[in-house]
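Peer 1: Per this note's numbering, residue 29 is the first one in the sequence shown, and the count goes up by one each step. Below is the structure I would like to discuss, written out as structure tokens.
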Amino acid sequence: MIPVHAMFDEALDERPFALDPAPTGALTVVPSLDQLDSDESAIESMCRCEAVVVVDDKDRESEGDLIFVAGQATPQMRGAVPGGVLVRPGHAKAAVDLTRMAGLSPAGGRTRTYQRRLNNGAAPECRVFANKHRVTMIAIADLIRYRRQTESLVERVALAPIPTSFGDFTAVGFRSQPEQDGNQP
Numbered sequence: 029m030i031p032v033h034a035m036f037d038e039a040l041d042e043r044p045f046a047l048d049p050a051p052t053g054a055l056t057v058v059p060s061l062d063q064l065d066s067d068e069s070a071i072e073s074m075c076r077c078e079a080v081v082v083v084d085d086k087d088r089e090s091e092g093d094l095i096f097v098a099g100q101a102t103p104q105m106r107g108a109v110p111g112g113v114l115v116r117p118g119h120a121k122a123a124v125d126l127t128r129m130a131g132l133s134p135a136g137g138r139t140r141t142y143q144r145r146l147n148n149g150a151a152p153e154c155r156v157f158a159n160k161h162r163v164t165m166i167a168i169a170d171l172i173r174y175r176r177q178t179e180s181l182v183e184r185v186a187l188a189p190i191p192t193s194f195g196d197f198t199a200v201g202f203r204s205q206p207e208q209d210g211n212q213p
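The structure is reproduced here in structure tokens:
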């Protein structure tokens, strides 16, 4: 899966699917991109990675055409809802949040590890894989905790004087950051 921000919709607008606005919190997954004629897993893996690069390549004239010929990648439109994992925890939101926090374009790549029994890798098996390949592994809960500690999640948006018989008061209105973009946590 390639979770991407809605800003990439235009780059993929020639794909044969509708990009109707998704309801808040909804996951929009589009059909898989065309596969190359190869059974070699290494080539398939490279093609998946190339799809991520192509989506993020701002210098190309037609990302839609280029991503169409990449491997078995499935774009996950609106994977980056405003507020990310703080609005709706999930792997797609985490992938996009991490790239955004690193100062990169809001698109990420994710994959699954499979064990010899061909079932999804469990957390302990993923930890072994991460250690072996020197890949940092975090939990979505850790990302949520970090963002809550380091980001301002509310902003003051309004002040209004309220004169009463008990004295003058001031009403202060606040808004959470995800709400300002139309998504409520």
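Glycine residues also receive a C-beta, built at the ideal position from the N, C-alpha and C atoms. Quantities reported herein were computed from a predicted structural model and do not represent experimental measurements.
Straight-line CA distance for VAL124 to ALA167?
Peer 2: Cα to Cα, the separation comes out at about 14 Å.
Peer 1: Decide yes or no for the touch test of the stretch 173–185 against the stretch 153–162: beta carbon pairs closer than 8 Å, at least 3 of them.
Peer 2: They do not touch, by the three-pair rule.
Peer 1: Taking only the alpha-carbon atoms, compute the straight-line gap between LEU187 and MET129 and give it to the nearest angstrom.
Peer 2: C-alpha separation (whole angstroms): 31 Å.
Peer 1: Over the uninterrupted alpha helix (DSSP H) stretch that includes VAL200, give me the two end residues.
Peer 2: VAL200 -> not in any alpha helix (DSSP H); beta strand (DSSP E) instead, spanning 195–204.
Peer 1: Taking all protein chains shown into account, do 16 or more other C-beta atoms lie within 10 angstroms of the C-beta of ALA151, making it buried, or fewer, making it exposed?
Peer 2: Counting Cβ neighbours within 10 Å, ALA151 comes out exposed, since fewer than 16 surround it.
Peer 1: Tell me VAL182's beta-bridge partners as DSSP assigns them.
Peer 2: Answer by DSSP bridge pairing, in chain order: SER204.
Peer 1: Could you please give me the residues that DSSP links to PRO189 through a beta bridge?
Peer 2: Bridge partners of PRO189: THR198.
Peer 1: Find out if the Cβ-Cβ distance for the pair GLU183, PHE157 is shorter than 8 Å.
Peer 2: Result no, Cβ atoms of GLU183 and PHE157 do not sit closer than 8 Å.
Peer 1: Compare the beta carbon distance of LEU219 and GLY111 with 8 Å and say whether it is the shorter of the two.
Peer 2: There is simply no residue 219 to check, as the chain begins at 29 and stops at 213 in what is shown.
Peer 1: Just verifying my parser: in three-state terms, what is the DSSP assignment at MET165?
Peer 2: Note: MET165 maps to coil in three-state DSSP.
Peer 1: Alpha carbon to alpha carbon, what distance is there between GLY195 and VAL113?
Peer 2: Roughly 43 Å between the two C-alpha positions.
Peer 1: Using 10 angstroms around the beta-carbon of SER69, count the other beta-carbons present and answer buried if the total reaches 16, otherwise exposed.
Peer 2: The predicted position of SER69 is uncertain, since its pLDDT is 48 and thus under 50; no value can be drawn from it.
Peer 1: Need the endpoints of the alpha helix (DSSP H) that LEU214 sits in, please.
Peer 2: Absent from the model: residue 214. The displayed extent of the chain is 29 to 213, so no value can be given.
Peer 1: For ALA169, count neighbouring C-beta atoms within 10 Å of its own C-beta (all shown protein chains included) and say buried if the count is 16 or more, exposed if not.
Peer 2: That one is exposed.
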